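**Q**
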Amino acid sequence: MEKPLAERLRPQKLSDVVGQEHILGNDKIIPRLVRAGKPFSLIFWGPPGSGKTTLARIIASEIKADFIEISAVNAGKADVSQIVERAKTNARQPSYAGSIIGANGSNPAVPKATLLFVDEIHRFNKAQQDTFLPHVEAGLITLIGATTENPSFEIITPLLSRSRVIVLEPLSKKHIKAIIKRAAKLEAIDAKRLPSASIDLIAELSGGDARTALNTLEMASQLTKGEISADIVESAAQTKLPGYDKAGENHYNIISAFIKSLRGSQPTAALYYMARMLQAGEDPKFIARRMVVFASEDIGLAAPAALSLAVATSHAVEQIGLPECRYNLFHCAAVLAKTPKSRVAADAMRRAIAAAKQHPDLPVPLHLRNAPTSMMKELGYGKGYQWEADYKHKDGFLPPELKDVDFFS
């Protein structure tokens with residue numbers, strides 16, 4: 294059985310990789326790690342089809358590590374235990390890693406590294422991620438995790454602190470076209486059969502995903518023995534992907550339009566932009582988090598209950614997931630858009646932060662200080678303060694330098 298085109302075309306060395314120049318240039322991090330021959334735990338964060346798996350495999354090959362690949366979708370603690378035992382065996386075996394050269398010009402033997410690649414690592418819960426920690430920390434396992442989600446939210450802090458997050462960008466149309474042409478050469482598809490207009494269309498429909506582009510080309514070539522026309526390409530792709538990606542400019546444009554529509558009390562516009570995000574594959578948790586922020590920043594004191602609704606929506610999204618959580622998202626967005634707006638709390642926050650930066654070390658007035666000892670009471674700590682509801686001390690509650698400041702005026 295022949296492998297899919299995307300697998301047959303997968304690069305085998307760094308020089309074959311198209312795109313990602315910001316991490317693959319000669320003096321950039323990935324080539325430097327490979328030349329050093331010393332494995333380092335990494336988290337690859339990027340959209341589908343940007344090369345996360347490919348880079349992990351190439352790194353393992355270059356440093357001559359034992360490469361183990363699992364998916365967080367179907368792996369569990371038992372798999373990790375087996376991997377740990379395999380890593381212990383590897384640690385007892387010598388290897389000749391990468392381009393490390395000894396003082397005498399030889400390539401010295403070092404313990405064989407175990408490189409564990411975890412695809413969709415964000416799908417592991419906290420307990421499962423904790424399982425890796427002692428082995429990564431001890432250097433027994435080098436972990437490379439791949440995720441399409443923000444590691445700050447999805448990867449536990451101890452694991453992040455022991456790894457380097459590498460951001461992969463969606464491939465540009467130029468990069469996708471180069472990959473398509475390389476695939477056409479591999480498949481002996483000449484320019485007469487695959488005109489430039491069809492290459493452009495495949496690249497446009499791919500959404501920056503090399504795998505999607507190659508799958509479309511492969512399907513299109515199977516649908517016809519003649520010219521791969523625009524109609525054939527559209528049939529192979531089935532549907533035009535939205536012009537949106539979770540790391541590109543349009544992502545920020547659409548989320549900006551969504552927030553501004555909420556702020557402008559325009560529910561129809563807000564729901565339209567939310568629908569576009571969800572249709573494009575945006576993480577519903579991201580949208581829910583933005584609405585939690587909005588509830589305090591833009592509604593605030595005008596309707597304090599809006600925050601409770603937004604937080605409840607965020608919890609509902611996590612518990613229910615797609616597609617049913619769309620009801621929660623659209624419900625919340627409609628309410629937030631229709632609710633009166635106030636930035637009083639947000640403005641007060643900014644003024645308070647500015648005052649704290651300008652006066653970071655003002656002493657707390659004596660009458661507001663705690664007085665657990667008799668000596669402190671004699672020094673005036675807590676003087677005149679009464680423990681009763683809504684008690685207002687005659688000397689106020691701010692340092693004298695800020696006595697006339699009001700963050701809410």
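Sequential numbering of the sequence shown, starting at 294, is according to our numbering. By construction, the Cβ of each residue, glycine as well, lies at the ideal position given by its N, Cα and C atoms. No experiment lies behind these values; they were computed from the predicted model shown.
With distance defined between alpha-carbon atoms, name the residue in I521, A529, D591, E447 nearest to I414.
**A** Closest in C-alpha terms to I414, from the list I521, A529, D591, E447, comes E447.
**Q** Going by Cα to Cα distance, which pick from L348, F701, T509, T517 is closest to R636?
**A** F701
**Q** Who does F360 pair with in a DSSP beta bridge?
**A** L408
**Q** Please list the terminal residues of the continuous beta strand (DSSP E) segment that includes L426.
**A** That residue, L426, is in no beta strand (DSSP E); its alpha helix (DSSP H) goes 419 to 430.
**Q** If you draw a straight line from the alpha carbon of L317 to that of G339, how long is it in whole angstroms?
**A** Annotation: L317 to G339 spans about 15 Å, alpha carbon to alpha carbon.
**Q** Assess contact between the stretch 337 to 354 and the stretch 429 to 445, defined as three or more Cβ pairs (one per stretch) separated by less than 8 Å. Is contact present?
**A** yes
**Q** If L600 sits next to S589, beta carbons under 8 Å apart, how far is it from one beta carbon to the other, in whole angstroms?
**A** 6 Å
**Q** I'd like to confirm the pairing. Which residues does DSSP put opposite L335 in its beta bridges?
**A** I437, R457
**Q** Here's the rule: buried if 16 or more other CB atoms are within 10 angstroms of the residue's CB, otherwise exposed. What is A431?
**A** Counting Cβ neighbours within 10 Å, A431 comes out exposed, since fewer than 16 surround it.
**Q** If we count the other Cβ atoms within 10 Å of its Cβ and call it buried at 16 or more, is E462 buried or exposed?
**A** buried
**Q** Which runs of the alpha helix (DSSP H) spanning at least 4 residues fall entirely within the stretch 447 to 512, listed in chain order?
**A** 450 to 454, 466 to 479, 489 to 499
**Q** Along the alpha helix (DSSP H) that carries D372, what are the first and last residues, could you check?
**A** 370 to 384
**Q** Count the CB pairs spanning the stretch 367 to 375 and the stretch 340 to 348 that are closer than 8 Å, and state whether there are at least three.
**A** Between the stretch 367 to 375 and the stretch 340 to 348 there are fewer than three inter-stretch CB-CB distances shorter than 8 Å, so the stretches are not counted as touching.
**Q** Would you say V458 and S491 are within 9 Å of each other, going by their C-beta atoms?
**A** no
**Q** Note down, one range per segment and in chain order, each alpha helix (DSSP H) of at least 4 residues found wholly within the stretch 602 to 638.
**A** 618 to 631
**Q** Starting from F701 and walking both ways along the alpha helix (DSSP H), at which residues does that stretch end?
**A** Segment: none, F701 is in no alpha helix (DSSP H) and carries neither H nor E.
**Q** For D502, does the count of other Cβ atoms within 10 angstroms reach 16, so buried, or fall short, so exposed?
**A** By the Cβ-count criterion, D502 is buried, with 16 or more other Cβ atoms from all chains shown falling within 10 Å of its own Cβ.
**Q** Going by the CB atoms, is the gap between A563 and L629 shorter than 9 Å?
**A** yes
**Q** DSSP three-state call for N443: helix, strand or coil?
**A** coil
**Q** Return helix, strand or coil for V311, following the three-state DSSP convention.
**A** coil
**Q** P653 and L691 - do their beta-carbons sit closer together than 9 Å?
**A** no
**Q** Output the distance between the C-alpha atoms of V604 and T666, rounded to the nearest integer angstrom.
**A** 43 Å
**Q** How many Å lie between E575 and I472 at the Cα?
**A** 26 Å
**Q** Grab me the residues of R416's own chain with a C-beta within less than 7 Å of its C-beta, minus the 5 sequence neighbours each way, in chain order.
**A** A365, V366
**Q** Can you give me the Cβ contacts of R504 inside the same chain, cut-off strictly under 8 Å, excluding the 5 residues immediately before and after it?
**A** A299, P341, G342
**Q** Considering only the beta carbon of each residue, do V311 and R475 sit closer than 9 Å?
**A** yes
**Q** According to DSSP, is T517 helix, strand or coil?
**A** coil
**Q** Is the stretch 474 to 489 close to the stretch 505 to 522, with three or more CB pairs under 8 Å?
**A** yes
**Q** So what does DSSP say about A396, is it helix, strand or coil?
**A** Legend: pLDDT at A396 = 43, less than 50; position of this residue unreliable, no value from coordinates given.
**Q** Pull up the distance between the alpha-carbon of G614 and that of H660, whole angstroms please.
**A** Distance between the alpha carbons of G614 and H660 is about 52 Å.
**Q** Return the Cβ separation of F410 and E378 in integer angstroms, given the expectation that the two are a contact with Cβ distance under 8 Å.
**A** Incorrect: roughly 18 Å between the Cβ atoms, too far for contact.
**Q** According to DSSP, is E300 helix, strand or coil?
**A** helix
**Q** What residue from R385, A484, L507, K306 has the CA that sits closest to K296's CA?
**A** L507
**Q** Got a sec, what are the start and stop residues for the alpha helix (DSSP H) V526 sits in?
**A** Residues 523 to 530.
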